[in-house]
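Visitor:
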Amino acid sequence: MSDQKLSLNQKIEELDKKVEWFYSDDFRLEQATDKYQDAVKLAKEVEKDLSELKNEIEVLSEDFSK
Amino acid sequence: MSLQSDSSVNFTPTEFIAVVNQTLEYAYSSVTIVGEVASFKVNQGKWVFFDLKDEESSISCFMSLWSLRTPLEDGMKVAVTGLPKLTKWGKFSLTVQSVRPVGEGSLKKAYELLKKKLTEEGLFDVSKKRSLPSDLSKLGVISSTGAAGYADFIKIINARWGGLEIKVAHTQVQGADAPDQIIRALEYFNQHGDVQVIAILRGGGSADDLSAFNDEKLVRTIAASKIPVITGIGHEVDESLADLAADVRASTPSNAAEMLTKDREEEKIRLLKTMNRTKQIVLQEVEKARSLNRDKVERMSKSIIAKYINPMLEQNQEKMRKCLELIIEKHSNLEQLIKQKIKLLEVLNPEKILEQGYAILSGKISPGNVVKITTFNNEIEAIVKSITERRKNE
Numbered sequence: 001m002s003d004q005k006l007s008l009n010q011k012i013e014e015l016d017k018k019v020e021w022f023y024s025d026d027f028r029l030e031q032a033t034d035k036y037q038d039a040v041k042l043a044k045e046v047e048k049d050l051s052e053l054k055n056e057i058e059v060l061s062e063d064f065s066k
Numbered sequence: 001m002s003l004q005s006d007s008s009v010n011f012t013p014t015e016f017i018a019v020v021n022q023t024l025e026y027a028y029s030s031v032t033i034v035g036e037v038a039s040f041k042v043n044q045g046k047w048v049f050f051d052l053k054d055e056e057s058s059i060s061c062f063m064s065l066w067s068l069r070t071p072l073e074d075g076m077k078v079a080v081t082g083l084p085k086l087t088k089w090g091k092f093s094l095t096v097q098s099v100r101p102v103g104e105g106s107l108k109k110a111y112e113l114l115k116k117k118l119t120e121e122g123l124f125d126v127s128k129k130r131s132l133p134s135d136l137s138k139l140g141v142i143s144s145t146g147a148a149g150y151a152d153f154i155k156i157i158n159a160r161w162g163g164l165e166i167k168v169a170h171t172q173v174q175g176a177d178a179p180d181q182i183i184r185a186l187e188y189f190n191q192h193g194d195v196q197v198i199a200i201l202r203g204g205g206s207a208d209d210l211s212a213f214n215d216e217k218l219v220r221t222i223a224a225s226k227i228p229v230i231t232g233i234g235h236e237v238d239e240s241l242a243d244l245a246a247d248v249r250a251s252t253p254s255n256a257a258e259m260l261t262k263d264r265e266e267e268k269i270r271l272l273k274t275m276n277r278t279k280q281i282v283l284q285e286v287e288k289a290r291s292l293n294r295d296k297v298e299r300m301s302k303s304i305i306a307k308y309i310n311p312m313l314e315q316n317q318e319k320m321r322k323c324l325e326l327i328i329e330k331h332s333n334l335e336q337l338i339k340q341k342i343k344l345l346e347v348l349n350p351e352k353i354l355e356q357g358y359a360i361l362s363g364k365i366s367p368g369n370v371v372k373i374t375t376f377n378n379e380i381e382a383i384v385k386s387i388t389e390r391r392k393n394e
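Going down the list, the sequences are from chains A and B.
For the first sequence, the working numbering assigns the number 1 to the initial residue and increments by one for each residue that follows.
For the second sequence, the working numbering assigns the number 1 to the initial residue and increments by one for each residue that follows.
#1: Please tell me whether A/S24 has its Cβ less than 8 Å away from any Cβ of chain B.
#2: Does any CB atom of chain B fall closer than 8 Å to the CB of A/D49?
#3: Taking 8 Å as the cut-off, does the segment 274 to 292 of chain B touch the segment 168 to 179 of chain B (at least 3 CB pairs, one atom from each stretch)?
#4: Is the beta carbon of B/V370 closer than 8 Å to that of B/S362?
#5: Pick from B/F189, B/A176, B/V126, B/R202: whose alpha carbon is nearest that of B/A151?
#6: Check this for me: beta carbons of B/L132 and B/V248, under 8 Å apart or not?
#7: Counting only beta-carbon atoms, is A/L5 nearer than 8 Å to chain B?
#8: Do B/F189 and B/I227 have their C-beta atoms closer together than 8 Å?
#9: Pull up the distance between the alpha-carbon of B/K138 and that of B/L118, whole angstroms please.
#10: Using Cβ-Cβ distances below 8 Å, what residues of the segment 35 to 62 of chain A are close to chain B?
#11: Which one of B/N158, B/I142, B/D209, B/S39 has the shortest CA to CA distance from B/G175?
#12: For a test of the three-state rule: what should DSSP assign to B/R391, helix, strand or coil?
#13: So, helix, strand or coil for B/S58, using DSSP?
#14: Which residues of the segment 130 to 144 of chain B have a Cβ closer than 8 Å to any Cβ of chain A? Give them in chain order.
#15: Does the Cβ of B/T231 have 16 or more other Cβ atoms within 10 Å, making it buried, or fewer, making it exposed?
#16: Please report the distance separating the alpha-carbon of B/K262 from that of B/G162.
#17: On the DSSP letters alone, give me the boundaries of the beta strand (DSSP E) that B/L139 sits inside.
#18: Starting from A/Q10, find everything on chain B with Cβ-Cβ shorter than 7 Å and list it in chain order.
#19: Use the C-beta contact count for B/P395: other C-beta atoms within 10 angstroms, 16 or more gives buried, fewer gives exposed.
#20: Of all the CB atoms in chain B, is at least one closer than 8 Å to the CB of A/E14?
#21: Over what stretch of residues does the beta strand (DSSP E) that includes B/T81 continue unbroken?
#22: Leaving out five residues before and five after A/D3 in sequence, what residues of the same chain have Cβ atoms less than 8 Å from its Cβ?
#23: Give me the residue from B/E298, B/S64, B/Q317 with the minimum Cα distance to B/T95.
#24: When you compare the CB positions of A/K11 and A/L42, do they come within less than 8 Å of one another, or not?
#25: Assign B/F50 to one of two classes, buried (16 or more other C-beta atoms within 10 Å of its C-beta) or exposed (fewer than that).
#26: On a CA-only basis, which of A/E52, A/N55, A/L15, A/E56 is nearest A/Y36? Give me that one, please.
#27: I want to verify the contact list: residues of chain A whose CB lies under 8 Å from the CB of B/E318, in sequence order.
#28: Anything in chain A within Cβ reach of B/I198, meaning under 7 Å, just list it in chain order.
#29: Give me the chain A residues within the contact set of B/R100, using Cβ-Cβ distance strictly less than 8 Å, ordered along the chain.
#30: Where does A/S2 sit, in a helix, a strand or coil, going by DSSP?
#31: Taking DSSP's pairing of strands, which residues face B/D51 in a bridge?
Printed below as a string of structure tokens:
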């Protein structure tokens with residue numbers, strides 16, 4: 001869930017999947033609390049990323065004039 | 001070449017043409033001439049011939065069809081860059097390296113001609129367009145890093161989203177060299193394949209400034225790109241053939257940044273709403289379960305009452321009824337007994353006996369003793385004179 005390798009978009013996608021479970025036929029009240037806590041944890045992580053993540057900009061050293 | 005007695009030099013025609021060409025090359029290694037196209041023709045599908053003229057003069061031009069990057073028609077005003085040359089037949093000609101339309105009319109004409117040609121080839125077919133990836137993390141940018149349009153793009157994209165790897169290919173975005181540089185950058189990204197989208201960016205400018213994006217080879221390279229291409233060139237009103245060949249056209253570089261990324265603030269709000277909605281679902285389900293259990297308990301209670309309690313109560317009621325009847329019966333007997341006892345007591349009441357005329361004698365009965373005689377109405381003291389036994393013989 002909180003895999004460092006996941007990009008921000010992948011984390012959001014993962015969170016959307018977790019949320020979908022609550023609307024699906026797979027929903028079980030017995031599992032809901034754990035699943036909800038899990039989703040909240042990821043949501044906080046995504047929110048942090050949204051606030052803090054910066055873009056990495058690299059100007060290529062290749063010379064395209066030749 | 002031979003030296004004469006009068007010091008003049010005799011050339012053969014071949015030698016003279018070679019010398020002239022050397023002189024021309026030295027003087028005009030590359031010259032640009034602006035004029036109007038006349039007698040345009042293509043031979044053998046490979047060679048292009050036309051005359052470049054003004055009101056008074058005309059120059060023959062020659063080039064390969066492959067080098068021609070814009071459609072030509074008689075009457076178009078063009079800037080031709082090339083090498084002046086004398087042919088082996090002694091005819092002066094310009095070996096053309098590049099041609100570009102000049103002036104609004106020619107630019108528009110060239111644009112329309114190429115658009116028609118490429119449209120007929122299906123280069124701009126909507127069915128070929130690919131969508132931008134929704135999970136963008138690696139982006140390739142082709143632009144001039146000093147241009148205002150590039151700065152706008154970076155500013156907007158940084159404000160909107162984070163965590164992106166952006167590789168920038170710095171190229172010219174106007175002028176004769178721009179198309180080839182952009183083509184090389186496109187080829188670079190396609191060969192390295194480590195970006196998901198390529199954005200070609202350039203801010204606003206004149207029709208001539210933006211004409212680089214109507215270059216046929218560039219337009220074909222964009223259409224052939226394996227990686228989806230988005231263009232953000234000029235302003236809203238500017239439309240280039242590069243825009244038509246791209247998978248997605250943004251109206252400006254800033255708009256390209258908006259189309260490529262979500263807005264982080266909007267995403268935060270969406271996230272908050274989603275989590276709140278999810279929480280509500282969980283709470284609703286919990287309440288539903290509680291209500292369901294309440295109903296279950298109620299149904300179970302009713303069932304238990306009907307099955308066990310009611311029969312038990314009915315049984316007890318019967319017992320109680322019998323018990324009560326018994327009590328009542330016993331009570332009734334008891335009442336009779338009491339009544340009898342009362343009657344008996346009434347009969348035995350000394351007052352009643354005295355009332356009937358009897359008297360009670362108390363004290364020691366012996367001759368000379370004083371005794372007390374109680375009647376219904378009086379108490380009498382008397383002295384015992386004598387005592388005779390009454391029932392001696394019984």
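Ideal Cβ placement from N, Cα and C applies to all residues, glycine included.
Guide: According to the structure shown:
#1: no
#2: yes
#3: no
#4: The Cβ atoms of B/S362 and B/V370 do not sit closer than 8 Å to each other.
#5: Checking every option, the nearest Cα to that of B/A151 belongs to B/R202.
#6: yes
#7: Looking at the sequence provided, one finds Lys at residue 5 of chain A rather than Leu. No - not a single Cβ of chain B is within 8 Å of the one on A/K5.
#8: yes
#9: 30 Å
#10: Y36, A39, V40, A43, V46, E47, D49, L50, S51, E52, L53, K54, N55, E56, I57, E58, V59, L60, E62
#11: The candidate whose alpha carbon is nearest that of B/G175 is B/D209.
#12: coil
#13: strand
#14: S134, D135, L136, S137
#15: Per the 10 Å Cβ criterion, buried.
#16: 10 Å
#17: Residues 138 to 143.
#18: Under the 7 Å cutoff, chain B gives D135.
#19: Nothing can be reported for residue 395 of chain B, as the shown portion of chain B is limited to 1 through 394.
#20: With 8 Å as the cut-off, A/E14 does not count as an interface residue toward chain B.
#21: 77 to 86
#22: Only weak support is given to the placement of A/D3: the predicted model assigns it a pLDDT of 48, under 50, and the question is left unresolved by the model.
#23: B/S64
#24: yes
#25: Counting Cβ neighbours within 10 Å, B/F50 comes out buried, since at least 16 surround it.
#26: A/L15
#27: Within chain A, no residue comes near B/E318; the closest Cβ sits about 47 Å away, beyond 8 Å.
#28: Simply none; closest approach about 12 Å.
#29: None at all; the shortest Cβ gap to chain A is about 18 Å.
#30: Because the pLDDT at A/S2 is just 47, under 50, the model does not fix this residue reliably, and the value given afterwards should be weighed accordingly. In this structure, A/S2 counts as coil in the three-state DSSP scheme.
#31: B/A38, B/S60
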